[in-house]
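For reference, the structure is listed below as structure tokens.
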Amino acid sequence: MKEIANRNETLVKVLFILCMVLCILGYVSSPVALVGGFLFSYFLGHPFLTLNSKAVNWLLKIAVVGLGFGMNLKETLAAGKEGFILTVFSISATLIIGYFLGKLLKMNRKGSHLISSGTAICGGSAIAAVAPVIDASEKDISISLGVIFLLNSIALIIFPPLGHLLGLSQHEFGLWCAIAIHDTSSVVGAAYTFGEEALKVATTVKLARALWIIPLSLLSVFLFKGKGKSVKIPYFIFLFILAIVLNSYVAIPEVITLSITSISKSLLVLTLFLIGAGLSIDKIKSAGWKPMILGVSLWAFISISALLAIILL
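Whatever position you read off the sequence shown (first residue = 1), add 2 for the working numbering.
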């Protein structure tokens, strides 16, 4: 029996690695990778679950920095400038609405603040940064991550078809993704599915938005009186900027920059597969209806308001 169990475990590991290879080689699209990872984990289990979180964290950072070698500084600054006003409005409005809606639902204040923060800025990264400074419990963190990751996964799948249905341009869709989708991984994944220009705009605006983690964390310290708490700064964003500068002003052979961006896109798809594999029905069920109502309401607000602003302004 033990030998059979070992064989089954080995087979699952081989199949999992094979799926990872298919993602890297470009045989799998972003949405399929995410859903495929979830289905694999649900039916066969995750053979490398203890390594999943660290792998996702590092692969995403490497992929994002690599994408910088496919961007021009002037275009990047123009996109970042355009998204600034939308960013300030959407973050402020989401946090304010989240606070009052959380009170209306009689939710735990720290839990509602985590969900609001994740929706306002960059999903799991914002939650991970804010949670220590407000002394959030493990349960609050788990529930907020469950809500954000579920909605984040849905967004990756439905946004590209919606973008085409609404007749959005590459630029408009990239901007919409960066504002309305939670995690950087799904923002880049959805934009990558839509097109090259959308990918550049979405990545730039989203990472500029991610820097708002710093003032948000400081605000959280003030609101929850968390004295002596350190603030996490997403340093990899500065490497992304450095990559853009190098690509814009250093004569790097095109074959090298194209190879780097191509590998980065493949790593992104792999990252989405691992994110899907890390999801579980238990995590989703543990969220409860109140956090889910808050998360869906904030997501609907930020998606619709950002879309209207992009189309009408």
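Heads up, the beta-carbon is just placed ideally off N, CA and C, and yes, glycines get one too.
Fair warning: this is a prediction, and the values are worked out from it, not measured in the lab.
Item: Let me check understanding here. Comparing Cα to Cα, which of Ile306, Gly126 and Pro163 lies closest to Ile146?; Value: What sits at residue 146 in the sequence shown is Ser, not Ile. Closest option to Ser146, Cα to Cα, is Gly126.
Item: How is Leu213 classed by DSSP in three states: helix, strand or coil?; Value: coil
Item: Relative to the C-alpha of Val298, which candidate in Asn154, Ala200 and Ile262 has its C-alpha closest?; Value: Asn154
Item: With DSSP collapsed to three states, give me the class of Ala192.; Value: helix
Item: For the alpha helix (DSSP H) containing Asn54, list its first residue and its last residue.; Value: Leu51 to Leu69
Item: Going by other Cβ atoms of all chains shown within 10 Å of its Cβ, with 16 needed for buried, is Ile313 buried or exposed?; Value: exposed
Item: Jot down the residue ranges of each uninterrupted alpha helix (DSSP H) in the segment 90-133, minimum 4 residues, whole runs only, in chain order.; Value: 111-122
Item: Within 10 angstroms of the Cβ of Ser264, are there 16 or more other Cβ atoms? Answer buried if so, exposed if not.; Value: exposed
Item: I need the boundaries of the alpha helix (DSSP H) containing His173, first residue and last residue.; Value: Gln172 to Ala182
Item: Where Ala193 and Leu201 are concerned, what is the direct C-alpha to C-alpha distance, given to the nearest angstrom?; Value: 5 Å
Item: Beta carbon of Gly100, beta carbon of Asn249: below 8 Å?; Value: no
Item: What's the C-alpha gap between Trp178 and Phe45?; Value: 34 Å
Item: Quick one: Cα of Leu158 to Cα of Lys141, how far?; Value: 26 Å
Item: How many Å lie between Pro217 and Val34 at the Cα?; Value: 35 Å
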